[in-house]
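Before any comments, here is the structure.
In this note's numbering, the protein residues as written are 204 to 476.
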């Protein structure tokens, strides 16, 4: 029977240095191939960052990008959720409100291929570059299509730490159009996309593509933007570094992300199916 493994990246599969144990991962991929199990990573980051992270294994795994705004089977696009030009302009206008900008360091427009910015904060862009490797300065929003021929899938903002993550996330949610949602991705990053876009949408796309049932899917996460995909299966696990209110709902792994906790659990799971 076909099965699916989906793991969040930062703070979950990756250690605090944004690395993972490659030897252990190669053992995981070998077992996946033998046992008809598909492996996927789910992240708020763009496809280009994920491919760079898994360069040696690009076509052997699957990618849920930008919290579910796009899904790739190896190097092939399976699904994407695009914003119209009008939607982007409307979203950008409300996010330029001074009430919100007081608490922001950076605003980014997230395309299929790159990430774009008008004004910039140098410190914030250094941090953003870890998750969005192709950053481009633009003079107007129209440049994204006219100069780079890219489609925008959503926006990201980076907070300046002046208020709590939950407060800023709710503040943004209160001012953006009802058809959009704001999801905190940790590290004071917030992704703003169509309200039906979520990592769980990516999980469901992969389940349908590979013909995998929810109970044959195992999911790993660590933060609020993982909630819906964690709730979508009976086999869901979170990290010891997850928020306390999540620990009362989901299974907590014995080992942290710095102890290869997810990889150890996946190996154990694969060896016993």
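C-beta: ideal position from N, C-alpha, C; glycine also.
The alpha-carbon separation between residue 297 and residue 432 amounts to approximately 29 Å.
Residue nearest to residue 318 within the set 241, 251, 207, 408 is 251 (criterion: CA-CA distance).
Beta-bridge partners of residue 205 (DSSP): none assigned. With a minimum length of 4 residues, the unbroken runs of alpha helix (DSSP H) contained wholly in the region 235-316 fall at 250-256, 288-298, 301-304.
Counting only residues of its own chain and dropping the five nearest sequence neighbours on each side, residue 384 has a CB closer than 6 Å to the CB of 398. Residue environment: residue 241 is assigned as buried (16 or more neighbouring CB atoms within 10 Å of its CB, all protein chains considered).
Residue burial annotation: residue 356 is buried, with at least 16 other C-beta atoms found within 10 angstroms of its C-beta. Cβ neighbours of residue 429 within its own chain (closer than 6 Å, five residues either side excluded): 211. Under the three-state reduction of DSSP output, residue 225 falls in the helix class.
In the three-state DSSP reduction, residue 230 falls in the helix class (H, G or I). Annotation note: the region 394-422 contains the following uninterrupted alpha helix (DSSP H) runs of length 4 or greater, listed N- to C-terminal: 402-413. In chain order, 297, 300, 303 place their CB closer than 7 Å to the CB of residue 378, counting only its own chain and leaving out the 5 sequence neighbours on each side.
Taking C-beta atoms under 8 Å as the contact rule, residue 464 and residue 334 fail to qualify, at a distance of about 21 Å.
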